[in-house]
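The structure appears below as structure tokens.
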Amino acid sequence: MKSREVRLVSRPVGLPKPEDFTVVEIDLPDPGEGEIAVKNVSLTVDPYMRGRMVDRKSYVAGFELSETLTGGAIGRVEASNDSNFSVGDYVESSWGWREAWVNSTRGVRKLGELKAPASAYLGILGMPGMTAYVGLLDVGQLKEGETVFVSGAAGAVGSAVGQIAKIKNCTAIGSAGGPEKAQHLVDDLGFDHGIDYREGNLTQQLMQCAPQGLDVYFDNVGGDHLEAALNCMRPNGRLPLCGAISQYNATEPVPGPRNLAIAIGSQLTLKGFIVSNYNHLRDDFMRDMTDWVLSGQLKYRETIFEGIDNMPDAFIGLFTGANTGKMIVNLE
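In the working numbering, the protein residues as written are 862 to 1193.
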């Protein structure tokens, strides 16, 4: 079995470029004892991967130059030397950025009967969906009737955050880039307010949407969004810090919020979190999120690129606003 794979050939400076990547073809061995051979059907690109392309210590190991990149993938077992996995089983793994792989089953999760398209298990029923779920409900300690603001709301995580807030009978406000995405939040996803962050002062727009203030701000962007949210938080508000995509391609240090002192007098809680530390909530997440998706309470959208050659373009598109919902690369 052959596989075409994407490798990092140079560390990006600023916004990644197609020339930072290359696609190579390799021959895969037959699976050995305790191993399986898998053909991937759907691959994910996610903003956190940008940090792994920098040569620095982080919460997850960095990518090495000239080695195949890794990331979330859904695949189908083609051959098995592990009695727990059968040919035809769909599996979730970290062996993304490649068409196929042969390896041990350590860290591989069998999905069982798929209740949604395979790609959904990389998005709304995968890591992004779980990030929204634990970030809002556990880290953010959401209570019924509160007001929630989420940045990057047209993306995979943010779109789920706002909809979960609505399911929990809360007011949902989201920001996105451009009038079409802002309207999508309201018309398609049921948010109460959609803000186009490119239009006007963010603090003023937030105050118009939430004159009584915010109880929870789910931060995917950082920078000016975090600063604006701090201006609008109610006493004892909570700010789950999920990401800071506005800073991922910065070539110089980015100043922090100028108004962080507001957190003292308002007794705010700002808490960063990594979804992999919340695996004890996975069963709750899968039960609730699957029910919400199948019942139509929670909608999701995907932006699809086709073929392994388009992996770099899909990844770069995360930082240029090319996606609405989850960015996915399908291989079949």
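Using N, Cα and C, we set each Cβ at its ideal position, and we do this for glycine too.
**Request:** Can you say whether G996 is buried or exposed, counting buried as having 16 or more other CB atoms within 10 angstroms of its CB?
**Result:** In the sequence shown, the residue the question calls residue 996 occupies position 135. Under this definition G996 is a buried residue.
**Prompt:** Does the beta-carbon distance from D1085 to G1104 come in below 9 Å?
**Reply:** As a first step, residue 1085 must be located in the sequence shown, where it is residue number 224. As a first step, residue 1104 must be located in the sequence shown, where it is residue number 243. Their beta carbons are not under 9 Å apart, which means D1085 does not touch G1104 by this criterion.
**Request:** Would you mind working out which of M1188, D907 and Q1108 sits nearest R1162, comparing C-alpha positions?
**Result:** As a first step, residue 1162 must be located in the sequence shown, where it is residue number 301. Relative to the Cα of R1162, the nearest Cα in the group M1188, D907 and Q1108 belongs to M1188.
**Request:** Would you check if the distance between the CB atom of I1177 and the CB atom of L876 is smaller than 9 Å?
**Result:** Translated into the one-based positions of the sequence shown, residue 1177 becomes position 316. Translated into the one-based positions of the sequence shown, residue 876 becomes position 15. Closer than 9 Å, so yes.
**Prompt:** So who's on the other strand from F1010, going by DSSP bridges?
**Reply:** As a position in the sequence shown, residue 1010 is number 149, starting the count at 1. The partner list for F1010 (beta bridge, DSSP) reads I1034 and Y1078.
**Request:** Output the boundary residues of the beta strand (DSSP E) element that contains E896.
**Result:** For the purposes of this step, residue 896 is identified with residue 35 of the sequence shown, where counting begins at 1. Looking at the DSSP string, the run of the beta strand (DSSP E) that includes E896 is E896 to T905.
**Prompt:** With distances taken between CB atoms, is the gap from R872 to L926 smaller than 9 Å?
**Reply:** Here residue 872 corresponds to residue number 11 of the sequence shown, with the count starting at 1. Here residue 926 corresponds to residue number 65 of the sequence shown, with the count starting at 1. Yes, they are a contact pair.
**Prompt:** What are the boundary residues of the beta strand (DSSP E) that includes P1096?
**Reply:** Taking the sequence shown and counting its residues from 1, the one referred to as residue 1096 is at position 235. It spans M1094 to L1102 - the beta strand (DSSP E) in which P1096 sits, taken as one unbroken run.
**E880 in three-state terms, based on DSSP** = The sequence position of residue 880 within the sequence shown is 19, counting from 1. The answer is helix: DSSP assigns E880 an H, G or I state.
**Item:** Beta-carbon spacing of S954, V899 below 9 Å
**Value:** Here residue 954 refers to the residue found at position 93 of the sequence shown. Here residue 899 refers to the residue found at position 38 of the sequence shown. A contact, by the Cβ cut-off of 9 Å.
**Asked** Among residues of its own chain, excluding the 5 on either side of I1123, which ones have a beta-carbon nearer than 6 Å to its beta-carbon?
**Response** Sequence index remark: in the sequence shown, residue 1123 carries index 262 (1-based). Taken in chain order, the residues that qualify are L1091.
**Prompt:** In the DSSP assignment, what are the bridge partners of T1130?
**Reply:** The count along the sequence shown starts at 1 and reaches residue 1130 at position 269. For T1130, which the question treats as bridged, DSSP gives the partners R1099.
**Message:** For a minimum of 3 consecutive residues, which ranges assigned as the beta strand (DSSP E) are wholly contained in the stretch 918-953?
**Reply:** Runs found: 934-941.
**Message:** So, with DSSP's three-state summary, where would you put N1140?
**Reply:** As a working note, residue 1140 is residue 279 in the sequence shown. Here DSSP, grouped into helix, strand and coil, assigns N1140 to helix.
**Asked** CB-CB under 6 Å to L1087, same chain, minus the five flanking residues each way: which ones, in chain order?
**Response** Locating residue 1087 in the sequence shown gives position 226, counting from the first residue. For L1087, where only same-chain residues beyond five positions count, the Cβ hits under 6 Å are D1080 and P1118.
**Prompt:** Roughly how many whole angstroms lie between the Cα atoms of I1135 and I1056?
**Reply:** Reading the sequence shown from its first residue, position 274 is the one you call residue 1135. Reading the sequence shown from its first residue, position 195 is the one you call residue 1056. I1135 and I1056 have their C-alpha atoms spaced approximately 27 Å apart.
**Prompt:** In or out: P1096 buried (at least 16 other Cβ within 10 Å) or exposed?
**Reply:** Indexing the sequence shown from 1 puts residue 1096 at position 235. With a 10 Å radius around the Cβ and a threshold of 16 neighbouring Cβ atoms, P1096 comes out exposed.
**Message:** Restricting to Cα atoms, I'd like to know which of E894, N942, S919 and Y909 is closest to G933.
**Reply:** Mapped onto the sequence shown, residue 933 falls at position 72. The option with the nearest alpha carbon to G933 is Y909.
**Request:** Take W962 as the anchor and find which of A940, K976 and V874 has the nearest alpha-carbon.
**Result:** One-based indexing of the sequence shown puts residue 962 at position 101. Put simply, of A940, K976 and V874 the residue whose alpha carbon is nearest the alpha carbon of W962 is A940.
**Message:** With the cut-off set at 9 Å, would you say S864 and N1191 are in Cβ contact?
**Reply:** On the sequence shown, residue 864 is found 3 positions in, with the first residue counted as 1. On the sequence shown, residue 1191 is found 330 positions in, with the first residue counted as 1. No; because the gap between Cβ atoms is not below 9 Å, this pair is not in contact.
**Prompt:** Nearest CA to the CA of D1149: which residue from A1111, D999, D1049 and Y994?
**Reply:** For the purposes of this step, residue 1149 is taken as residue 288 along the sequence shown, with counting starting at 1. With distances taken between CA atoms, D1149 lies nearest to Y994 out of A1111, D999, D1049 and Y994.
**Element boundaries [beta strand (DSSP E), containing F1166]** = As a working note, residue 1166 is residue 305 in the sequence shown. For F1166, the enclosing beta strand (DSSP E) has its first and last residue at E1163 to E1167.
**Message:** Rounding to the nearest angstrom, what Cα-Cα distance links Y1058 and M1147 in this structure?
**Reply:** If you number the sequence shown from 1, residue 1058 lands on position 197. If you number the sequence shown from 1, residue 1147 lands on position 286. For Y1058 and M1147, the gap between their C-alpha atoms comes out near 32 Å.
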